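Under this note's numbering, the first residue of the sequence shown is numbered 169, with each subsequent residue one higher.
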Amino acid sequence: MLLCTTLTEQPRVAAYVDALTLHAGSSSENGSEEEGEGEGEEVPHDEVLPQGYWMTISLAFRKLSRLRYLNIHIGHDVPSSNTWILDNCPFHLRSFHCDLDWDTHLVKFLETQADLDDLYIIDYNDSLMDASVAPPSTTSPLSANSLPKLSTLECTFTEAAAALAPQRPLIRLKTCFSRSDPDAKRIEMTNLFAKIQLSTAQLRSLDIADSTYAESFSVELLSTIVGTSTTAHQLRYLGTLALPIAGRERLRFYGMLMRLPRLDCIEVEVSGWQPVPSTLAAFRALASELRLYCPTVVMVVFVHEFERTVITYMDGVYRIDEEVGPELLWRSDQ
169 MLLCTTLTEQ
179 PRVAAYVDAL
189 TLHAGSSSEN
199 GSEEEGEGEG
209 EEVPHDEVLP
219 QGYWMTISLA
229 FRKLSRLRYL
239 NIHIGHDVPS
249 SNTWILDNCP
259 FHLRSFHCDL
269 DWDTHLVKFL
279 ETQADLDDLY
289 IIDYNDSLMD
299 ASVAPPSTTS
309 PLSANSLPKL
319 STLECTFTEA
329 AAALAPQRPL
339 IRLKTCFSRS
349 DPDAKRIEMT
359 NLFAKIQLST
369 AQLRSLDIAD
379 STYAESFSVE
389 LLSTIVGTST
399 TAHQLRYLGT
409 LALPIAGRER
419 LRFYGMLMRL
429 PRLDCIEVEV
439 SGWQPVPSTL
449 AAFRALASEL
459 RLYCPTVVMV
469 VFVHEFERTV
479 ITYMDGVYRI
489 DEEVGPELLW
499 RSDQ
């Protein structure tokens with residue numbers, strides 16, 4: 169809070185800030201300010217936010233005319249409804265991580281962000297949602313010409329991806345299926361890819377998480393991916409799909425992967441295998457088998473109970489790569 173007060177009271181200092189990270193409800197043991205790439209402000213989750221905390225942030229925001237990178241992290245014990253702090257901000261961001269609610273304040277702010285190319289949103293409300301479920305005042309659609317440079321999108325709902333993909337140059341997308349019922353999930357998938365098809369760019373990276381990974385649905389998903397022009401031709405990273413156990417189904421799986429000519433990294437779920445692959449020899453055998461059909465692939469990420477093992481292939485050698493951060497692979501253009 170002291171940091172934001174300083175920025176408000178010293179405009180000359182604020183003019184130099186191009187990156188800011190805020191933690192409200194952090195698990196840090198103390199409430200000290202934290203400096204990283206830019207400036208940071210942190211408040212422990214087990215303490216009440218100081219009186220006037222959000223107003224202080226709002227006033228500081230209005231002084232940050234050169235801010236380009238903003239991360240707002242909200243803890244579970246802190247309300248995420250204070251989107252009004254984004255009102256009347258003078259800055260034009262390139263990257264924005266937002267744990268705040270999706271409402272009219274956030275939408276109005278995003279409408280002004282013509283330079284934004286990297287967006288993370290944790291919340292989304294469908295603008296067509298029934299009024300009995302959510303008051304109309306809490307939702308608002310983005311105009312079709314907003315966010316014209318958006319190329320990287322991470323969101324926890326496919327509905328958000330479907331809303332933001334059309335008419336925007338998306339090349340990286342990370343999202344998650346909301347439904348668990350197979351039929352409902354199939355409808356969700358169909359709607360998502362219909363909207364991705366309307367993007368003005370071709371995806372290089374696609375990561376769709378799921379609460380449960382079923383072989384049959386993964387095969388359907390892969391079939392949809394290879395059958396969609398905006399996801400088939402330039403895709404380099406693909407995750408996460410359940411790797412079929414049965415040989416015939418796995419060959420069918422590989423056959424569809426062959427229709428992704430630029431693929432060099434894939435993430436596969438193997439929790440259903442018995443025994444579960446756990447040694448370099450086992451990982452090497454599966455990766456080598458996959459590369460027989462998809463020689464462009466040089467990295468395979470094996471997932472078991474949310475634990476990831478990265479296998480890389482270089483100069484004829486397979487090895488476990490412990491230096492790669494698998495959670496960020498979808499962001500890299502390999």
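We put the beta carbon where it would ideally sit given N, CA and C, even for glycine. From a predicted model like this one, the values you see are computed outputs, not experimental measurements.
Range covered by the alpha helix (DSSP H) that runs through residue i
i, result
"F421", "415-425"
"Y381", "Segment: none, Y381 is in no alpha helix (DSSP H) and carries neither H nor E."
"F451", "448-461"
"H273", "272-279"
"V181", "179-182"
"E437", "Not the alpha helix (DSSP H): E437 falls in the beta strand (DSSP E), residues 433-437."
"S367", "Where S367 is concerned, there is no enclosing alpha helix (DSSP H), given that its DSSP letter is neither H nor E."
"A330", "326-332"
"M223", "221-229"
"S397", "397-400"
Test item: CB-CB of residue i and residue j under 8 Å
i, j, result
"L341", "A331", "no"
"C257", "R230", "yes"
"L403", "L425", "no"
"C433", "M482", "no"
"A228", "L175", "yes"
"L315", "L284", "yes"
"V436", "L460", "no"
"L458", "V465", "yes"
"A333", "L287", "no"
"T368", "R336", "yes"
"G193", "V246", "yes"
"C344", "A382", "no"
"H128", "D255", "Any property of residue 128 remains undetermined from this structure, which presents the chain solely from 169 to 502."
"R416", "V387", "no"
Sequence-distant residues of its chain with Cβ nearer than 8 Å to residue i (five each side left out)
i, result
"Y184", "R234"
"D186", "G206, R234, L235, R236, Y237"
"R487", "L448, I479, T480"
"A182", "L175, T176, A228, K231, L232, S233"
"E279", "L310, S311, S314"
"S391", "M424"
"G440", "Y381, E383, A410, I413"
"P304", "Confidence in P304 is poor, its pLDDT being 41 and thus under 50, which makes the residue's placement unreliable; the coordinate value appears in the next sentence. Answer for P304: no residue qualifies."
"T396", "F361, I364, Q365"
"L389", "M357, I376, L409"
Residues sharing a beta bridge with residue i, DSSP
i, result
"C344", "A377"
"D114", "Absent from the model: residue 114. The displayed extent of the chain is 169 to 502, so no value can be given."
"H472", "E475"
"M482", "V485"
"A467", "The question names Ala, but residue 467 in the sequence shown is Met. BP columns for M467 point to C433, T480."
Range covered by the beta strand (DSSP E) that runs through residue i
i, result
"R487", "485-488"
"Y405", "405-410"
Spatial neighbours of residue i in its chain, beta-carbon cut-off 6 Å, leaving aside the 5 residues before and after
i, result
"R476", "V469, P494"
"E490", "none"
"Y222", "What sits at residue 222 in the sequence shown is Trp, not Tyr. Excluding sequence neighbours, W222 sits near N250, I253."
"V492", "V478"
"S379", "S348"
Close Cβ partners of residue i (< 7 Å) along its chain, the five nearest in sequence each way excluded
i, result
"A400", "I393, V394, R427, L428"
"V438", "L411, V444, P445, F470, V471, H472"
"T173", "T224"
"W498", "R340, K342, S373, D375, Y405, G407"
"P218", "M169"
"N359", "A330"
"T398", "I364, Q365, S367, Q370, L371"
"H260", "Q281, A282, D283"
"L431", "L403, R404, L406, L425, C462, T464, V465"
Evaluate contact between the region 344-359 and the region 313-321, counting only Cβ atoms and requiring at least three cross-stretch pairs below 8 Å.
Verdict: no, contact absent.
Contact between the region 261-268 and the region 239-253 (3+ Cβ pairs under 8 Å)
yes
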